[in-house]
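Below is one structure, written out as structure tokens, with a few remarks after it.
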Amino acid sequence: MDTPLLEVKDVSYAYHTKSGETPALSHISFSVEKGEFLAIVGPSGCGKSTLLDMLCGLLTPEEGEILLNGKPLSESVTNIGYMLQKDHLFEWRTIYSNVLLGLEIQKKNSPNAREKVNHLLADYGLDKFRESRPSQLSGGMRQRAALIRTLALEPDLLLLDEPFSALDYQTRLSVGDDIGKIIKREEKTAILVTHDISEAISMADRVIILGKRPAAIKKIIPIVLTIDNRTPFTSRSAPEFKNYFNEIWKELNHNG
Amino acid sequence: MAEITSMSRGQKNYLQKLRRDSQIVRLIRILIFLVFLALWEGSARLGLIDSFIFSSPSQVVMAMYHMILDGTLAVHTGVTIWETIASFALVTVFGVAIAVLLWCFPKLSSILEPYLVVLNSLPKSALAPLLIVWLGSNIKTIIVAGLSVAIFGAILNLYTGFCGTDPDKLKLISTLRGTKKDALFKVVLPSSVPLILSIMKVNIGLCLIGVVIGEMIGSKRGLGYLIIYSSQVFKLDTMIMSIVILCIIAAVLYSLINVAEKKYRKHF
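So the sequences go chain by chain: G and V.
Sequence positions in the first sequence follow the numbering used here and run 838 to 1093.
Sequence positions in the second sequence follow the numbering used here and run 759 to 1026.
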């Protein structure tokens, strides 16, 4: 088999402050294959976001290493897209120029790249809102715009840090479905961090369960659902869904 | 506008009430001013107050009329306005530039912080005589005096504002592989425009204060000079006139920036 897209090997991390250190992650190891959708669940404040920050290169692990396509993160040319909890669209830019932000920063704002962005905007129904301000869009549309901003850079790996947590429940279901379909359609590899168990099962091919801080991997559960045309929304009505939910729930609430 | 044609009666009444309220406010404002003028003029004419010391509206207007005719008023007013605008422009440019510098180099800012705080709380009128000795009695000194009143507060406020930028927005820039420069130009500065405008509104008034103080101590032109001169020769009409003109200048300069701010807000 080929080298996996991402390999996390025995990674540990602690936060340091004057009053002492807080261990956040302890000996985390897992790998992600190309095209896979991985979800990481854990209690809030367990260090899930820290893990994503490290995968994105914003933080460097204190111990262990992270390999992308077999190379250390710092040497890797693989592009990583990161979607944050909120959309953070800038009010002083139009939707179009918000979406171009990443290309602008990486100096890739070529006609070709813009062409691709135009396609994405058209495909995902934001064409009419190109010149709108973010405040004129609904929460779901803003999240789509944020995803397009990330996809514009053509990332090989997408990191999603509870991207739906700022939305109300109903919007959350439909945006989750929406974003999940887009990611499948664009054939992206993705890692989703969430504390919502059903969201994790509905979107992921595999779920990693983290324990309380300092987070260590408690279990990795592959999700196999017997339904046709699996989307995040239809997954919820799969017969196995409930069993997975209970299994993860137990694992999370099991002392440790 | 479809709303207007199909407006309900309740909405119409509500709008009417709003309009009437704002009319009443405006009317009373003007009335207070007129009553004040009438009382002042009346008591001066009836001898209730000494018009030599307290002057009167008609005397102020006469003084203004004579000074407009001989052209001196235009000179003094022009000098004060020009000095104020020059020092305000310098405060804005240097204030933003230095605040950006401090934001870029956090170590520099923690080193300089106590100095800035002391300089900011120092009564700047204490500096004016020193500036005159150092720079001489000229327009440069007056502009520096205006600058010295506003600059330190501007730097501190802008720097605090820059540091208050949403950390998640800065994180977004990092996740897009942006540098500190990207963070500055794409997040910190654009998100600080409202702050910069509101600080500018305060600064224009502060610059005027500094300029008038400077003119009072070391100048032969400008409204500050005119106030001191006329107090020494007991021309109270001229003195009060100068103060009135200062009020008008302050109001006009403030409203200019206010208009700019409104334009900006409307845009977004």
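Glycine included, every Cβ here is placed at the ideal spot set by N, Cα and C.
query	result
List the DSSP bridge partners of G:Glu858.	G:His853
Under 8 Å between C-beta atoms, does G:Lys923 make it to chain V?	yes
Measure the CB-CB distance between G:Ala1052 and G:Ala861 and report whether it falls below 8 Å.	yes
Buried or exposed: V:Ala760, going by 16 or more other Cβ atoms within 10 Å of its Cβ?	Only weak support exists for where V:Ala760 lies, its pLDDT of 46 falling under 50; the value from the coordinates is given anyway. Exposed, because fewer than 16 other Cβ atoms sit within 10 Å of the Cβ of V:Ala760.
Just to make sure I have the definition right: I need the residues of chain V whose C-beta is within less than 7 Å of the C-beta of G:Tyr919. Which are they?	Thr933
Going by other Cβ atoms of all chains shown within 10 Å of its Cβ, with 16 needed for buried, is G:Leu895 buried or exposed?	exposed
Using only the alpha-carbon positions, how far apart do G:Leu963 and V:Thr835 sit?	55 Å
For V:Pro925, which residues in chain G fall below 7 Å Cβ to Cβ?	Those within 7 Å of V:Pro925 in chain G number zero; the least Cβ separation is about 11 Å.
For a contact defined as C-beta to C-beta under 8 Å, what are the partners of V:Lys944 on chain G?	Phe927, Leu938, Glu941, Ile942
Would you check if the segment 848-857 of chain V and the segment 907-915 of chain V touch, i.e. whether three or more CB-CB distances between them fall below 8 Å?	yes
Under a CB-based cut-off of 8 Å, is V:Lys1021 close to chain G?	no
From what residue to what residue does the alpha helix (DSSP H) around V:Phe812 run?	809-812
Just to confirm, is the Cβ distance from G:Leu940 to G:Leu990 under 8 Å?	yes
Could you tell me which of G:Glu870, G:Ser863, G:Val878 sits nearest to G:Asp1033, measuring between CA atoms?	G:Val878
Distance, Cα to Cα, V:Ala728 vs V:Ile811?	Because chain V in this structure spans residues 759 to 1026, residue 728 of chain V falls outside the shown range and cannot be described.
What number of angstroms, rounded off, separates the C-alpha of V:Leu792 from the C-alpha of V:Ile782?	15 Å
Starting from V:Val991, trace the beta strand (DSSP E) in both directions and tell me its first and last residue.	Element bounds for V:Val991: n/a, residue is neither H nor E.
Report the rounded CA-to-CA distance for G:Thr859 versus G:His853, giving the unit in angstroms.	6 Å
List, in chain order, every chain V residue whose beta-carbon is nearer than 9 Å to that of G:Leu994.	The contacting residues do not exist; G:Leu994 stays about 12 Å from chain V at best.
Counting C-beta neighbours from all protein chains within 10 Å, is the total for V:Leu888 16 or more, i.e. buried, or is it exposed?	exposed
Are the beta-carbon atoms belonging to V:Val1010 and V:Val818 less than 8 Å from one another?	no
Counting along the chain, where does the beta strand (DSSP E) carrying G:Val1030 start and finish?	1026-1031
Does the distance from the C-beta atom of G:Lys1055 to that of G:Glu1084 stay below 8 Å?	no
Taking V:Tyr1027 as the reference, give the member of V:Ile900, V:Leu789, V:Ala821, V:Lys770 with the closest Cα.	Absent from the structure is residue 1027 of chain V, since the part of chain V shown begins at 759 and ends at 1026.
Could you have a look at G:Ala959 and say whether DSSP puts it in helix, strand or coil?	helix
Is the beta carbon of G:Ile1060 sitting closer than 8 Å to the one on G:Asp1042?	yes
Pull the bridge partners of G:Met920 from the DSSP assignment, please.	G:Leu997
Can you tell which of G:Thr1026, G:Ser1039, G:Tyr1081, G:Phe1078 has the C-alpha that lies nearest to the C-alpha of G:Asn916?	G:Thr1026
Assign V:Val837 to buried or exposed, taking buried as 16 or more other Cβ atoms, counted over all protein chains shown, within 10 Å of its Cβ.	buried
When the cut-off is 8 Å and only beta carbons count, does V:Ala760 lie next to chain G?	Low confidence applies here, because V:Ala760 scores a pLDDT of 46, under 50, leaving its location unreliable and the question unanswered by this model.
Could you check which residue in V:Ser867, V:Val902, V:Lys927, V:Phe846 has the C-alpha nearest to that of G:Asp924?	V:Lys927
When burial is assigned at 16 or more other CB atoms within 10 Å of the CB, is V:Met765 buried or exposed?	exposed
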